[in-house]
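Asker: In this note's numbering, the protein residues as written are 2 to 250. One structure is given below, represented as structure tokens, and several questions about it will come after.
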Amino acid sequence: MAMDEDRGSVRSVERALDILLAFTEQRELGLTEVAKAVGLHKSTVFRLLHTLERKGFVVRDPDTDRYRLGFRIFELAASMNHADDPLALVLPEMERLRDAVEETVSLYIRDGLERIRVQAVQSNQVIRRVAPIGQRLPLFVGASSKVLVAFSPSDVLEALLEHPDWPAGIDKAAFRREIDDVRRKGYAMSFEEREEGVAAVSIPVFRPNGDIFAALTVSGPVQRLSRRRMEEMLPELLASGRRMEKLVR
């Protein structure tokens, strides 16, 4: 009986965490949207959301009945900003790079066959690329994805090529050649691959042991980020990456 109760408690925790993770793609969600995102019945999701709301992890807008992440999430995030947190350590360098290139700067790590934006500083331009922290994206497209794949162990590329959700419009042989090219050049560029109107250039940031720590990426409107403009940015981007490597352990 106790073991069944333990399993039930663990399942409830997993479901609650899945609900919180559903908000990485959208800032606000209705009950039906959350239920669809996590694959649970609305009554179950409603009970879990009610508990999360009482604890401050989500907030419900009484006018729209939609939910968003609450203050407790941001308190947890703030608690990570201590002296030995690499994401806090590299933030000043990301801000310096943002000011130098005048575009949004993001940092991505790989989690399995996905990438997660773990740090970002937004451009000060009126028209800019807005990069939400915590967003999870597949590794199929985008400059950041290609950098993470190119400098990860080779089995990551092989697993990605066999992924059941591999996009039908992307040729696997061409993708493999592109990854080889990124590995050879040390950077990747993309033009409207994942998001219409957005271009990006990305480089790897390595740990002292040679493993990749993250992909450092500059992104912005494709009207401003031409291939020539991104090539002009590369020395600044590469210099920032090398400075970050001295901070990462």
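For every residue, glycine included, the Cβ atom is placed at its ideal position computed from N, Cα and C.
If you draw a straight line from the alpha carbon of Val122 to that of Phe214, how long is it in whole angstroms?
Answerer: By 1-based counting over the sequence shown, the position of residue 122 is 121. By 1-based counting over the sequence shown, the position of residue 214 is 213. Cα to Cα, the separation comes out at about 18 Å.
Asker: Rounded to whole angstroms, how far is the Cβ of Ile180 from the Cβ of Val150, which I believe are closer than 8 Å?
Answerer: Within the sequence shown, numbered from 1, the residue matching residue 180 stands at position 179. Within the sequence shown, numbered from 1, the residue matching residue 150 stands at position 149. Correct: roughly 6 Å between the Cβ atoms.
Asker: Could you tell me which whole beta strand (DSSP E) segments of length 3 or greater appear in the stretch 196 to 248?
Answerer: 199 to 207 and 213 to 222
Asker: Count the CB pairs spanning the stretch 53 to 64 and the stretch 15 to 27 that are closer than 8 Å, and state whether there are at least three.
Answerer: Short answer: they touch.
Asker: Taking Glu115 as part of the beta strand (DSSP E), name the residues at either end of that continuous run.
Answerer: One-based indexing of the sequence shown puts residue 115 at position 114. From DSSP, the beta strand (DSSP E) with Glu115 extends over Glu115 to Val122.
Asker: Need the endpoints of the alpha helix (DSSP H) that Thr105 sits in, please.
Answerer: On the sequence shown, residue 105 is found 104 positions in, with the first residue counted as 1. No alpha helix (DSSP H) contains Thr105, which is instead part of the beta strand (DSSP E) from Thr105 to Asp112.
Asker: Any chance the stretch 195 to 202 sits against the stretch 215 to 231, with 3 or more Cβ pairs inside 8 Å?
Answerer: Taking 8 Å as the limit for Cβ pairs, the verdict is that the stretch 215 to 231 does touch the stretch 195 to 202.
Asker: Go through the stretch 31 to 106 residue by residue and report every complete run of the beta strand (DSSP E) that reaches 3 residues or more, in order.
Answerer: 59 to 62 and 67 to 70
Asker: Does the pairing of the stretch 235 to 246 with the stretch 84 to 99 give three or more beta-carbon distances under 8 Å?
Answerer: yes
Asker: Please report how far the alpha carbon of Ile110 lies from the alpha carbon of Pro154, in whole angstroms.
Answerer: Residue mapping note: residue 110 aligns to position 109 of the sequence shown, counting from 1. Residue mapping note: residue 154 aligns to position 153 of the sequence shown, counting from 1. Cα to Cα, the separation comes out at about 14 Å.
Asker: Please classify Glu104 as buried or exposed, where buried requires at least 16 other C-beta atoms within 10 Å of its C-beta.
Answerer: One-based indexing of the sequence shown puts residue 104 at position 103. Label assigned to Glu104: buried.
Asker: Nearer than 8 Å: is that true of the beta carbon of Glu15 relative to any heavy atom of the ligand FAD?
Answerer: The ligand FAD is not part of the structure shown, which contains no ligands of any sort.
Asker: Quick one: what does DSSP say Arg12 is sitting in, helix, strand or coil?
Answerer: Position 11 of the sequence shown, counting from 1, holds the residue named residue 12. Note: Arg12 maps to helix in three-state DSSP.
Asker: Please state whether DSSP places Phe176 in a helix, a strand or coil.
Answerer: Taking the first residue of the sequence shown as position 1, residue 176 is located at position 175. Phe176: helix per DSSP, three-state reduction.
Asker: If we count the other Cβ atoms within 10 Å of its Cβ and call it buried at 16 or more, is Ile204 buried or exposed?
Answerer: Looking up residue 204 in the sequence shown gives position 203. The residue in question, Ile204, is buried, as its Cβ has 16 or more Cβ neighbours within 10 Å.
Asker: What residues in its chain sit with their C-beta under 6 Å from that of Leu226, if we drop five residues either side in the sequence?
Answerer: As a position in the sequence shown, residue 226 is number 225, starting the count at 1. Once the five neighbours on either side are set aside, the close Cβ partners of Leu226 are Ala200.
Asker: To the nearest angstrom, how far is it from the Cα of Val206 to the Cα of Thr65?
Answerer: Within the sequence shown, the letter at position 205 stands for residue 206. Within the sequence shown, the letter at position 64 stands for residue 65. Approximately 42 Å between the Cα atoms of the pair.
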